[in-house]
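Heads up, the thing below is written out as structure tokens.
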Amino acid sequence: MSKQVLDRILREIQQGKYFSIMIDETTDISKLEQVSLVVRYTNDQFKVHEGFMGFARTTEMTGEALFNLLLEWLKKLNLDVKNIVAQSYDGASPMQGEYKGVAARLKQIAPCGIYIHCNGHILNLCLVDVSTRVSSIRNNFGIVSSLYNLIENSAKRHAIFEEIQEEAGLQSLTIKQMSDTRWTCRWDCLKVVLIRYPQIISTLQLIEAPESHLLLHSMESFDFVFHLFIMSEIYLLTNILSKYLQSSQISISQALKQVKMTVDTLKSLRNETEFERFYSKALQMCEENEIDPPKVQRKKKVPARLGGGDKDSTDLNIKDHYRINTYYAVLDTIITSIENRFDENMIHDILLMEKLFLTK
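Residue 121 in the UniProt record's numbering sits at position 121 of the sequence shown; the count goes up by one each step and never skips.
Structure representation (structure tokens):
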């Protein structure tokens, strides 16, 4: 059956002649390296199709090894490498390396094969930027990751969490593991922590382990709750975008239109009214769970010998701190990252080509 499906796909590709390729590498459960190949092509009506060609094992992950594997693969499929008009991979150096990566090597024998950085991977990097540049976000993800390890890596502790949810008349949910490679999937984890926050706190109070006390101290704070609300909103929006970008039927112009809509939505959150909404929700959750409100930061005086005199070193109150140093900082980082990373010259060239082919 699989051979019949593959043969049908190959006939369709050969009828259209030109095609693009997408390659991704991963490690399977047996710790062996695997490479997947997907071919993207169109029919005479410019309808886009994608065909999965299969997996191939490899012992090396160098640009040269992956390039040779690709050539051998295409040869077995009877696909002419010179008919490749585009190639898309993640941003790993073996794939996109300027001189020795697969993209550069393929370009030498298939000059029309322009390289496009996978849009889904670009979005992933944008979310990594937020965690890298905003330390408080990085710290919060560390707390959530530790929470998963404590509860879900133990059948006994998970059973406690499950029982507490059932006693509250709630559907039993599992805390999701946060992927280090698919950051957009972190929404699933954040969602559970947000909607099951009281039950998670109760679970930690019953678990007799040093880690549970540390997590309680970290999670029973306005700082954690406020960050949880912000990141849940941002990851919800980017998760919607991520799923859209994974569609096999969209064009580059449709993809960029959706990217712009996401950026516009994020920008619409950057104002005092929206900040107040998040701040109030965080305060309400803290009140419902008997958590102290944020404390006013003690203003430090600069010594007179340093030119300070009686003047305070900062005029920021606690609310200003969360608005400027957290809320606006997170939004500015994700907005700037998305705008910059999706603003590649090659993308605009492809947009012009798309208009040329699709204009009637």
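Beta carbons are placed, not taken as given, at the ideal position from N, Cα and C, and that holds for glycine. Being a predicted model, the structure only gives us computed values, none of them experimental.
Between the segment 127–137 and the segment 198–209, the count of C-beta pairs closer than 8 Å stays below three; the two stretches do not touch. According to the DSSP assignment, GLN87 belongs to the beta strand (DSSP E) that extends over 84–89.
The continuous alpha helix (DSSP H) containing VAL263 extends over residues 252–268.
Cβ-Cβ distances below 7 Å link TYR328 to ARG270 in the same chain, with the five nearest sequence neighbours on each side left out; the list follows chain order. For GLU50, DSSP records a beta bridge to ARG40.
For SER218, the uninterrupted alpha helix (DSSP H) run begins and ends at 210–219, by DSSP. Unbroken alpha helix (DSSP H) stretches of 4 residues or longer found wholly inside the segment 112–147: 119–133, given in chain order. Beta-bridge annotation (DSSP): ASP24 is paired with SER36. Bounds of the alpha helix (DSSP H) holding LYS191 are 186–195. Secondary structure of PHE342 (DSSP, three-state): coil. By a beta-carbon distance limit of 8 Å, TYR41 does not contact ILE84. Their separation comes to about 11 Å. Secondary structure note for ASN325: it is in no alpha helix (DSSP H), with a DSSP letter that is neither H nor E. If the five residues before and after SER218 are omitted, its C-beta is found closer than 8 Å to the C-beta atoms of ILE143, PHE224, all from its own chain and listed in chain order. Of all alpha-carbon atoms in ASP7, VAL259, ASP90, SER131, the one lying nearest the alpha-carbon of THR333 is that of SER131.
Looking at the DSSP output, ALA56 bridges to VAL35. Between the segment 13–32 and the segment 41–50 there are three or more inter-stretch CB-CB distances shorter than 8 Å, so the stretches are counted as touching. Judged by DSSP secondary structure, MET285 falls within the alpha helix (DSSP H) whose first and last residues are 272–288. Rounded to the nearest angstrom, the Cβ distance from GLY63 to LYS100 is 5 Å, consistent with a contact under 8 Å.
In this structure PHE67 is in contact with VAL102, their Cβ atoms being roughly 5 Å apart against a cut-off of 8 Å. The distance from the Cβ of LEU123 to that of ALA209 is about 36 Å, inconsistent with a contact at the 8 Å cut-off. Put simply, of ARG277, LEU77, THR265, LYS295 the residue whose alpha carbon is nearest the alpha carbon of ILE335 is THR265. For VAL225, the uninterrupted alpha helix (DSSP H) run begins and ends at 222–245, by DSSP. Beta-carbon to beta-carbon, PHE226 and PHE278 are separated by about 7 Å, close enough to satisfy the 8 Å threshold.
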